[in-house]
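In the numbering used here, the protein residues as written are 16 to 270. Backbone N, C-alpha and C fix where the C-beta goes; we use that ideal spot for every residue, glycine too.
(1) Are the Cβ atoms of residue 207 and residue 241 separated by less than 9 Å?
(2) Among 76, 137 and 62, which has the Cα closest to the Cα of residue 86?
(3) Does DSSP put residue 24 in a helix, a strand or coil?
(4) What are the start and end residues of the alpha helix (DSSP H) that includes residue 30?
(5) So who's on the other strand from residue 68, going by DSSP bridges?
(6) Between the alpha carbons of residue 101 and residue 115, how many angstroms are there, rounded?
(7) Mind listing, in chain order, the continuous alpha helix (DSSP H) runs of no fewer than 4 residues lying wholly within the stretch 112 to 186?
(8) Consult DSSP for residue 105 and reduce its assignment to one of helix, strand or coil.
(9) Pull up the distance between the alpha-carbon of residue 65 and that of residue 191, whole angstroms please.
(10) With a Cβ-Cβ cutoff of 9 Å, do residue 36 and residue 230 count as a contact?
(11) Quick test of the definition: if touching needs 3 or more C-beta pairs under 8 Å, does the stretch 192 to 205 touch the stretch 217 to 228?
(12) Keeping to the same chain, check which residues put their C-beta closer than 7 Å to that of residue 105; ignore five residues upstream and five downstream.
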């Protein structure tokens, strides 16, 4: 895998950083797109293969310029992982349009923009793989999560459509659907014992995943070992989806 070049959005922390580290173990050059410049600077000083660039993944000009930077500096893009995401949550009847649009833009539009511009480059070079990070919330609704769940469900269909449209150019596009993962984004839930216990009741593994447990299957889907997998969504949830989603209203009730 030496001389390969990979993009990771949201690669300054959490799942994105775990994917970056997994790739660097195989001597793959990383170019990370994130808004946390301080974290990327620190990681760039620690890892020779880590190149962090500040990018707003919802800004089309930022994304295009980032892809141009990668191609101009490294010559190609072999793999692209679209991980960046966050949400502003509320019940549907209380959610502001502004918060709804924040979530849709970051979770869905960010994946679309990278698929568009990375896809253009991969089409030109006639090869490549993309892995989109969706969520089991694409299949399981949750209280306060309509925007996030809707956006993550759309990522699955975007993945399928991209696989269809790009397959002629030897580009595979797949998705990972993580369950609960121990990241900074989920700390508010996992740090609350009442809510954390409710999650553990539902997850057959009785724990949250470590980011590395999502990174390894994501990297697998980007590899030649997965060359006959295209347009698929791999659930990595510790057996959670065979049960159901906990009632998160108690989290809000404790405020």
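With the structure as the only source:
(1) no
(2) 137
(3) strand
(4) 29 to 39
(5) 48
(6) 11 Å
(7) 112 to 119, 125 to 140 and 161 to 181
(8) strand
(9) 23 Å
(10) yes
(11) yes
(12) 114 and 159
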